[in-house]
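S.K.: Mind having a look at this structure? Questions to follow.
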Amino acid sequence: RFLDVLNTSEMTFLRQSLISPFATFLILVQVDQMRFCTFEQAPFHSKPYYYYLSFIKYENSSSLGACLKKCVEEMPACVQVAFIRNATDEQCSFYKASEEASYAPDAPGYEFYNLKRGVFYDSCPMAESLYPA
C-alpha cells in the first residue's frame, strides 16, 4: 500500500516541481564557483625573467577582488592580473597572451594571478577572500 502511494501521479508531479528549482539552484551555484575558481596565484620570481604576455591597461582599484572580477567580466583577452598595495591606493595591471617574449625585471611587492579560462576547480579557497562582497 505504501508503494502505491509513492507511484501516484501526484507524487510524480510533486517531485518534478521540486527538482526543477533545485537543479536550477545547483547550476547557478556551480556557475558562480566556476567564475571564482579560475585564478591561480603565479609563482614569485625573485630575478628578471621572460614571459609571453603583453600589457592591456593599468587602473587604480578598490581591492584585489575588484581587479580579478574586472579581468574575468570586462576583458575577454585578460589572462593575468598584477596587483600592488601602496600606502595611498591599490593598483592593478592587466595582461593578455602574446606570441612575443617580453623581459620582466624584478617586481617586488606585486602579486600576480593567472586566469585559467575553461579550467575549473572543485574547491575554491580564494573565492570569498578575493572577490568583493
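Quick note on numbering: my numbering labels position 43 of the sequence shown as 58, and the sequence is numbered without any gaps.
Ideal Cβ placement from N, Cα and C applies to all residues, glycine included.
These numbers come from a predicted model, not from an experiment.
1) Check each candidate in 54, 82, 66 and name the one with the smallest Cα separation from residue 117.
2) Do residue 55 and residue 131 have their C-beta atoms closer together than 8 Å?
3) For residue 122 versus residue 95, is the C-beta distance shorter than 8 Å?
4) Tell me, to the nearest whole angstrom, how far the beta carbon of residue 69 is from that of residue 113; I am working on the premise that it is less than 8 Å.
5) Does the Cβ of residue 103 have 16 or more other Cβ atoms within 10 Å, making it buried, or fewer, making it exposed?
6) In chain order, what residues of the same chain lie with their CB nearer than 8 Å to the CB of residue 73, ignoring the 5 residues before and after it?
7) If you measure between the beta carbons of residue 125 and residue 98, is that distance less than 8 Å?
8) Run through DSSP, which three-state label would residue 122 get?
9) DSSP state of residue 116, grouped into three classes?
10) By Cβ distance, which residues of its chain are closer than 7 Å to residue 90, with the 5 residues on each side in sequence left out?
11) Using the rule of at least 16 other Cβ atoms within 10 Å of the residue's Cβ for burial, across every protein chain shown, is residue 133 buried or exposed?
12) According to DSSP, which residues form a beta bridge with residue 54?
M.R.: Looking at the atomic coordinates:
1) For the purposes of this step, residue 117 is identified with residue 102 of the sequence shown, where counting begins at 1. Of the candidates 54, 82, 66, the one whose C-alpha sits nearest the C-alpha of residue 117 is 66.
2) For the purposes of this step, residue 55 is taken as residue 40 along the sequence shown, with counting starting at 1. For the purposes of this step, residue 131 is taken as residue 116 along the sequence shown, with counting starting at 1. Their beta carbons are under 8 Å apart, which means residue 55 touches residue 131 by this criterion.
3) In the sequence shown, counting from the first residue as 1, residue 122 sits at position 107. In the sequence shown, counting from the first residue as 1, residue 95 sits at position 80. Not closer than 8 Å, so no.
4) Here residue 69 refers to the residue found at position 54 when the sequence shown is read from its first residue. Here residue 113 refers to the residue found at position 98 when the sequence shown is read from its first residue. Confirmed, about 4 Å.
5) Here residue 103 is taken as the residue at index 88 of the sequence shown, counted from 1. Around the beta carbon of residue 103, fewer than 16 other beta carbons sit within 10 angstroms, so the residue counts as exposed.
6) Translated into positions along the sequence shown, residue 73 becomes position 58. In its chain, beyond the 5 residues on either side, 106, 107, 108, 109 have a beta carbon closer than 8 Å to the beta carbon of residue 73.
7) Taking the sequence shown and counting its residues from 1, the one referred to as residue 125 is at position 110. Taking the sequence shown and counting its residues from 1, the one referred to as residue 98 is at position 83. In this structure, residue 98 lies closer than 8 Å to residue 125 by Cβ.
8) The residue given as residue 122 occupies position 107 in the sequence shown. Residue state, collapsed to three classes: coil.
9) As a first step, residue 116 must be located in the sequence shown, where it is residue number 101. DSSP places residue 116 in the strand class (E or B) of the three-state scheme.
10) If you number the sequence shown from 1, residue 90 lands on position 75. 71, 109, listed in sequence order.
11) Residue 133 sits at position 118 when you count from the first residue of the sequence shown. Burial check for residue 133: the Cβ neighbour count within 10 Å stays below 16, so the residue is exposed.
12) Start at 1 with the first residue of the sequence shown, and residue 54 comes out as number 39. DSSP lists 130 as partners of residue 54.
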